[in-house]
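Report on the structure given below.
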Amino acid sequence: PIASKKGRECIEGEILEKDESLPITSNGSIKANAHILKEGHEPNSKENTINNVRDFNVGSGGNISIGYTSHGGEQNNNKENNIVVDGRYRDLIRLINLQRDKLNLQHVQMTKHEAEIVYLEGRTREDETRLNYVSQEIERHGELVQQLDQEVMALQELENEIETVRGVEADLKAQLESLEAKLRHTEAQLSHHNSKIRELEDDTCNEEARSSEESRQQEDAMVREIDKLKRSIAEATQQADHATHTSQCIMQEMSEVEALIGSKKKEVENLVVEMKDANLASLSMTLLPSAASADDTHDTGLSKGGSSRRMVGSPRQLENAVPTSKNPHGVWV
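Numbering of the sequence shown is given in the UniProt record's numbering, commencing with residue 1 and proceeding in unit increments.
Printed below as a string of structure tokens:
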């Protein structure tokens, strides 16, 4: 390509201009030969420029001896010019080789990039076509989105209405469930009351039957009781008659017994009087061992030694009975 050729020529010119800044030797051969490379014998290509350097040798002290071949008409073709340069000229040669490699690499890259540019231009045209199609699709989809937005708004309004209806439906369902619960509760209460009514009716019937049975039993019992009372009254009348007769007999017997008791009392009184007299007589006949002991015995009422009978102290004590262990009520002694 033309651009690659022009780029190489510019780079070679820059390299040759850099040669003038190199140090000049005593005979000034470097600058002259560099000038020949730049103006008098300008190469047609990079290969000719490099081929002008036929031979170079590295001498002592870092100096380089280069054999240069000139193509001018006035000079001989076989003439060799020995040029002694310092170590910096090696850098120039190395730089030339490096620039040549870079130019080759750039040429390859430029060829690759040109092919890519052609490919990308084709892709660009295709992309433009696709972009137009996509733009049309975007416009169509935009219109469709607007329609969908309108439909969504309508659906949202419809959804709001549906939500309202659902809320009303939920309220109605809640009320219906409440009414159903109340109805079930009322039915349960009604069935409970009906069962109670049936139980009360059964109890009433049973109570009436029981009352009638009890009243009948009571009537029978009263009849039996009346009969029993009648029999009891008859028996009581008989017993009263018998008791009257018995009481009359008892009264007679009591009068007889009272008369007998009166006679017995008189006999007892007579016996008591006789016993008193007998006791007084027996006491008066008793002899005591001494007057002192007799007085002590009469005063204290103690019994004699070796005798279990109690001695009466005075005749006045005989009016009362003397109690003993066998007869605590007392006996007359």
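Here a beta-carbon is modelled for each residue, glycine too, at the ideal position from N, C-alpha and C.
Count the other C-beta atoms from every protein chain shown that fall within 10 angstroms of the C-beta of residue i, then say buried if there are 16 or more, exposed otherwise.
| i | result |
| --- | --- |
| Y119 | exposed |
| Y89 | buried |
| D202 | exposed |
| N76 | The predicted model places N76 with a pLDDT of 45, which falls under 50 and marks its position as unreliable; any figure quoted below should be read in that light. So N76 ends up on the exposed side. |
So for residue i, helix, strand or coil by DSSP?
| i | result |
| --- | --- |
| M275 | helix |
| M153 | helix |
| M285 | coil |
| E47 | The predicted position of E47 is uncertain, since its pLDDT is 41 and thus under 50; a value taken from the coordinates is nonetheless stated next. In this structure, E47 counts as helix in the three-state DSSP scheme. |
| A294 | Low local confidence applies: a pLDDT of 49 at A294 is under 50, so the model's placement there is unreliable, and no value is given. |
| K265 | helix |
| V58 | Confidence in V58 is poor, its pLDDT being 40 and thus under 50, which makes the residue's placement unreliable; the coordinate value appears in the next sentence. Strand. |
For residue i, which residues in the same chain have their Cβ closer than 6 Å to its Cβ, ignoring the five residues on either side in sequence?
| i | result |
| --- | --- |
| E235 | none |
| S212 | none |
Within its chain, find whatever has a CB closer than 8 Å to the CB of residue i; leave out the 5 residues flanking it on each side and keep chain order.
| i | result |
| --- | --- |
| I162 | none |
| Q136 | none |
Distance cutoff 7 Å, beta carbons only. Does residue i sit that close to anything in chain D?
| i | result |
| --- | --- |
| D220 | In summary, chain D is missing from the structure at hand, where a single protein chain is found. |
Going by beta carbon distance, what residues of the same chain come within less than 7 Å of residue i, once the five residues before and after it are set aside?
| i | result |
| --- | --- |
| V152 | none |
| D127 | none |
Can we count residue i as close to the ligand NAD, meaning its CB is less than 6 Å from some heavy atom?
| i | result |
| --- | --- |
| N270 | Here there are no bound small molecules, and the ligand NAD is not part of this structure. |
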